[in-house]
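> Once you've had a glance at the structure underneath, I'll fire off some questions.
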């Protein structure tokens, strides 16, 4: 009973903190979390959770969709995740590491919000990049688009570190490890580089947080860094454990000012809410005449879970 009372008091304190700091409480964080980051031997498997939550690694908002999952083996070849399942708060799947080396496991989603004119009437679109190409007429009049690319990933190594899976795609915001993810050690400096569409992402703020603080009653340890002209940043993680790295880029319009088109669905591709490709039901009902977007825009976000090993 004493333990239960303590947990209830902690929950009440957390609720009070949420009232005092609503912005922090509402900050959704997406993550792809492996059961381990290092393995050895031929029969090597890892179980992975993928979700978006208020607190790191404590799924309480929505799953990342199984359709968004991409796995690259040590040679950079695509691998199919095993035993995939999507619940209310998280997705989970297994990956067999059949080859020695480093695997990259990611959730990658794209979305497009657009407005255009057809037969004198403003039309609105919101969905995946693939649906945009299919549903919006090529050469549409007065076309304005806001494109979003979100990437969340992690790295798992069997036997020895390799670089085959770490090559950037040139799309969105990506991390290029200078220090290999398997070689990150607590209390020792590590260097990483961020690319935006294949080019150095200069002057971006990077947030690093240590998870698994839900039951400790303490806020997650948080660090800040900024990328240099070459997109690189250096950080010394003070504690061992699974650290979450986050950065984002935005230019132009956000699309938040005008009402959505009739029947538009909220949410992001890759997330488990309405509006994700293949996910959720959802129109909001009639919203009145569609309004054109104010202009073009582009945003890219990146998160990664990397383990800092004990010295």
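Residue numbers (this note's numbering): 236 to 546.
A virtual CB, placed ideally from N, CA and C, is assigned to each residue, including glycine.
Here the structure is a predicted model, which is why all the values come from computation and not from measurement.
1. Applying the criterion that 16 or more other CB atoms from any shown protein chain within 10 Å of the CB defines a buried residue, is residue 358 buried or exposed?
2. For the region 446-456 and the region 402-422, state whether three or more C-beta atom pairs, one from each stretch, are separated by less than 8 Å.
3. Taking Cβ positions, are residue 326 and residue 285 nearer each other than 7 Å?
4. According to the neighbour-count rule (16 or more other Cβ atoms, all chains shown, within 10 Å of its Cβ), is residue 246 buried or exposed?
5. From the DSSP output, in three-state form, read off residue 249 for me.
6. To test your reading of the DSSP string, which unbroken beta strand (DSSP E) runs of 3 or more residues are found completely within the region 281-313?
7. Determine, using beta-carbon pairs with one atom in the region 376-383 and one in the region 333-340, whether at least three such pairs fall under 8 Å.
8. Output needed for residue 534: all residues of its chain with C-beta closer than 6 Å, excluding positions within five of it in sequence on either side, in chain order.
9. Quick check: the region 361-372 against the region 423-435, are at least 3 beta-carbon pairs closer than 8 Å?
10. Please list, in chain order, all residues of the same chain as residue 351 whose beta carbon is under 7 Å from its beta carbon, the five residues on each side excluded.
11. Rounded to whole angstroms, what's the CA-CA distance from residue 308 to residue 420? Just pull it up for me.
12. Cutting at 8 Å between CB atoms, please list the residues of its own chain near residue 471, excluding the five before and the five after it.
13. Can you grab the Cα-Cα spacing for the pair residue 279 / residue 338, in whole Å?
14. Give every residue of the same chain whose Cβ lies closer than 6 Å to the Cβ of residue 223, excluding the five residues on either side of it in the sequence, and list them in chain order.
15. If you follow the beta strand (DSSP E) that residue 369 is in, where does it begin and where does it stop?
16. Please report whether the beta-carbon of residue 370 lies at a distance below 7 Å from any beta-carbon of chain D.
17. Can we count residue 280 as close to the ligand SAM, meaning its CB is less than 6 Å from some heavy atom?
18. Can you give me the C-alpha to C-alpha distance between residue 406 and residue 432, rounded to a whole angstrom?
19. On the DSSP bridge list, what partners appear for residue 353?
20. Comparing alpha-carbon positions, which option in 399, 300, 310 lies nearest residue 319?
21. Which class does residue 432 belong to by DSSP, given the choice of helix, strand or coil?
22. Bridge partners of residue 533, per DSSP?
23. With residue 472 as the anchor, note down where its beta strand (DSSP E) starts and where it stops.
24. From residue 273 to residue 525, what does the alpha carbon distance come to, in whole angstroms?
25. Determine the direct distance from the alpha carbon of residue 283 to that of residue 393, and round the result to whole angstroms.
26. Could you check the C-alpha separation between residue 483 and residue 262 for me, to the nearest Å?
27. Within a Cβ cutoff of 6 Å, which residues of the same chain sit near residue 537, ignoring the five residues on either side of it in sequence?
28. In this structure, does DSSP put residue 270 in helix, strand or coil?
29. Is the separation between the beta-carbon of residue 478 and that of residue 291 shorter than 7 Å?
30. Count the other C-beta atoms from every protein chain shown that fall within 10 angstroms of the C-beta of residue 277, then say buried if there are 16 or more, exposed otherwise.
Considering the structure as presented:
1. buried
2. no
3. yes
4. Residue placement at residue 246 cannot be trusted, given a pLDDT of 42 that sits under 50; what the coordinates show is reported in the next sentence. When all chains shown are included, residue 246 counts as exposed.
5. Legend: pLDDT at residue 249 = 39, less than 50; position of this residue unreliable, no value from coordinates given.
6. 304-307
7. no
8. 383, 485
9. no
10. 358, 371, 375, 376, 377, 378
11. 23 Å
12. 422, 423, 424, 425
13. 12 Å
14. Here the chain comprises residues numbered 236 to 546, so residue 223 is not present and cannot be evaluated.
15. Run containing residue 369: none in the beta strand (DSSP E); it sits in the alpha helix (DSSP H), 364-370.
16. Of the protein chains in the structure, only one exists, and it is not chain D.
17. With respect to the ligand SAM, the structure shown offers nothing to examine, as it has no ligands at all.
18. 4 Å
19. 356
20. 300
21. coil
22. 382, 486
23. Residue 472 -> no beta strand (DSSP E), and no H or E assigned at all.
24. 51 Å
25. 15 Å
26. 14 Å
27. 386, 408, 482
28. coil
29. no
30. exposed
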